[in-house]
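Protein chains: 2
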Amino acid sequence: MERGCEDIPTRDAETGHAAQDATLRGFLGYHVKRAMSVLQADLAGAIEPFGLRMMSYSALVVIVDNPGLRQAQLADLLAVERPNLVAVIDDLEGKGLIMRHKTLADRRAYALMPTAEGIDTAAKASEANRAAEARRLAGLSAEDRAVVIRVMNMIERGEGGSAR
Amino acid sequence: MERGCEDIPTRDAETGHAAQDATLRGFLGYHVKRAMSVLQADLAGAIEPFGLRMMSYSALVVIVDNPGLRQAQLADLLAVERPNLVAVIDDLEGKGLIMRHKTLADRRAYALMPTAEGIDTAAKASEANRAAEARRLAGLSAEDRAVVIRVMNMIERGEGGSAR
DNA sequence: AAACATAGTTACACAGGATATCTATTAATC
DNA sequence: GATTAATAGATATCCTGTGTAACTATGTTT
Numbered sequence: 137m138e139r140g141c142e143d144i145p146t147r148d149a150e151t152g153h154a155a156q157d158a159t160l161r162g163f164l165g166y167h168v169k170r171a172m173s174v175l176q177a178d179l180a181g182a183i184e185p186f187g188l189r190m191m192s193y194s195a196l197v198v199i200v201d202n203p204g205l206r207q208a209q210l211a212d213l214l215a216v217e218r219p220n221l222v223a224v225i226d227d228l229e230g231k232g233l234i235m236r237h238k239t240l241a242d243r244r245a246y247a248l249m250p251t252a253e254g255i256d257t258a259a260k261a262s263e264a265n266r267a268a269e270a271r272r273l274a275g276l277s278a279e280d281r282a283v284v285i286r287v288m289n290m291i292e293r294g295e296g297g298s299a300r
Numbered sequence: 137m138e139r140g141c142e143d144i145p146t147r148d149a150e151t152g153h154a155a156q157d158a159t160l161r162g163f164l165g166y167h168v169k170r171a172m173s174v175l176q177a178d179l180a181g182a183i184e185p186f187g188l189r190m191m192s193y194s195a196l197v198v199i200v201d202n203p204g205l206r207q208a209q210l211a212d213l214l215a216v217e218r219p220n221l222v223a224v225i226d227d228l229e230g231k232g233l234i235m236r237h238k239t240l241a242d243r244r245a246y247a248l249m250p251t252a253e254g255i256d257t258a259a260k261a262s263e264a265n266r267a268a269e270a271r272r273l274a275g276l277s278a279e280d281r282a283v284v285i286r287v288m289n290m291i292e293r294g295e296g297g298s299a300r
């Protein structure tokens, strides 16, 4: 990999213009991705005091909402592959926030049950998340918020014409 | 980690109700994250035929838009840390899409220059991405699209009230 | 009973992203 | 002008999220 060594000036050394990502800005996905990274950082900061990260928080909240859920159902709900949940569930169980109850009906499956502490932690973490999101979106009108959620749902469900 | 073994039924075995992520759906960030994963998959599929992935595609497009750019500037623009770009630039250079030109002005820095093939590939990949996004967003009105982009920018720039 | 399917697990791989540290070089300061 | 500080890029690690393949114990079908 030989490298040229001519007198090619660095961009803004010559023009004084700031470099731009204009082409990428033409894509809605690019804007969504950059906003997502801010929202993800907000979430991480909000739930970190509870020893939770995005996946463990999401899993905990869904288990609290759906006591008795099986791991495969949880994976479907969160749209992740089953193997990715094993360590997450291990972590939540190790922290005493949920329990894996063997079911008699199907001895392969676990019924995931939140503990009292899990229910409490989920509520507190969600409140922290809610507060962080409220701060981040303080200037957002209810109408704009509704549009964003509707569009994100449309994208997620493959409505606007779907892919391929 | 002992596991209980009582007769706790699996959720929908008893209720027949589908499990829900209602609490998570209360957060705008959750909707954005799920949509983002669809958009990311679209992008990956669109640019994969060109041997590009999200980061290499983004870097290539920015270099084409800003010939002579330095790596640190590119990192700032894409909001990633400098070390993460090294392998990406190596890859683009190895594929003959860009060149690292040593500058005489500052012999530490490289001026990143797209090759003719790089310019061509960037154009084709962007067109594929544009087409994929157009399919995905076919049902989206111009107004809704504008709202989404405005809100994402607001979030990215920390306008609606900022964090903390 | 045999074949097949399923729940959870293990092992592995890969992309995206961050930090700390090293080198060559440039800029600043005494 | 020599020493110190700052900068560009590179290297080495590490972490999180996410996916696939294959294994085990069960359950279900045929």
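Protein sequences, first through last, are from chains Y and A. Numbering-wise (my numbering), the first sequence opens with residue 137 and increments by one. Numbering-wise (my numbering), the second sequence opens with residue 137 and increments by one. Idealized CB from N, CA, C, for every residue including glycine. Please read these numbers as outputs of a predicted model, since none were measured by experiment.
For the segment 150 to 203 of chain A, the continuous alpha helix (DSSP H) assignments of 4+ residues that do not extend past its boundaries occur at 158 to 161, 164 to 183 and 190 to 201, in sequence order.
Spatial neighbours of A171/A in its own chain (CB-CB distance under 8 Å, excluding positions within 5 residues in sequence) are not present. Not a single CB atom of chain A sits nearer than 8 Å to the CB of G254/Y. In the three-state scheme derived from DSSP, where H, G and I count as helix and E and B as strand, L273/A is classed as coil.
Around the beta carbon of D242/A, a 10 Å sphere encloses fewer than 16 other beta carbons of the protein chains shown; the residue is thus reported as exposed. Contact between V283/Y and V283/A holds, with the beta-carbon distance rounding to 5 Å and staying under 8 Å.
For A215/A, the C-beta contacts it makes with chain Y under 9 Å involve R170 and S173, in order along the chain.
Leaving aside the five residues that flank M249/A on each side, the residues in its chain whose CB is nearer than 6 Å to its CB run, in chain order, P203, M235 and H237. Boundaries of the beta strand (DSSP E) harbouring R236/Y: I234 to K238, taken from the DSSP string. A residue is called buried when at least 16 other Cβ atoms come within 10 angstroms of its Cβ; A223/A does not meet this threshold and is exposed. The three-state reading of DSSP puts A247/A in strand, counting E and B together. Cβ neighbours of P185/Y within its own chain (closer than 8 Å, five residues either side excluded): A264.
Residue pairing for L205/A: DSSP places it in a beta bridge opposite L248/A. Residues R206 and T239 of the same chain have their beta carbon placed closer than 7 Å to that of A245/Y, with the five preceding and five following residues left out of the count. The segment 175 to 184 of chain Y makes no contact with the segment 212 to 226 of chain Y, as fewer than three CB pairs between them are under 8 Å. Under the 8 Å criterion on CB atoms, D227/Y is classed as non-interfacial with respect to chain A. The contact set of Q207/A on chain Y, defined by CB atoms closer than 7 Å, is empty, because the minimum CB distance reaches about 10 Å.
Residue E229/A holds the alpha-carbon nearest to the alpha-carbon of Y193/A among A158/A, E229/A and G162/A. In the DSSP annotation of this structure, the continuous segment of the alpha helix (DSSP H) that includes G230/Y starts and ends at R218 to G230.
Around the CB of S262/A, 16 or more other CB atoms lie within 10 Å, so the residue is classed as buried. A residue is called buried once 16 or more other Cβ atoms fall within 10 Å of its Cβ, and G165/Y is buried on that count.
Between V287/A and G254/A, the CB-CB gap reaches or exceeds 8 Å. Distances from the alpha-carbon of D256/A to those of A274/A, E279/A and V197/A put V197/A closest.
Taking A182/A as the centre and dropping the five residues before and after it, the same chain places the C-beta of A264, N265 and A268 closer than 6 Å to its C-beta, in chain order. DSSP places E295/A outside any alpha helix (DSSP H), giving it a letter other than H or E. In this structure, the straight-line span from the alpha carbon of Q156/Y to that of G232/A is close to 23 Å. Shortest Cα-Cα distance from F163/Y to any of L273/A, I291/A and E295/A involves L273/A. Interface annotation for the segment 277 to 300 of chain A against chain Y: D280, R281, V283, V284, I285, R286, V287, M288, N289, M290, I291, E292, G294, E295, G296, G297, S298, A299 and R300, criterion Cβ-Cβ distance under 8 Å. Looking at the backbone, the Cα of L160/Y and that of L213/A are separated by about 11 Å. Straight through space, the alpha carbons of A195/Y and I291/A are spaced by roughly 25 Å. For D226/Y, the closest of L188/Y, A215/Y, K260/Y and E295/Y by C-alpha to C-alpha distance is L188/Y. Here G296/A is not near G294/Y, since their CB atoms are 8 Å or more apart.
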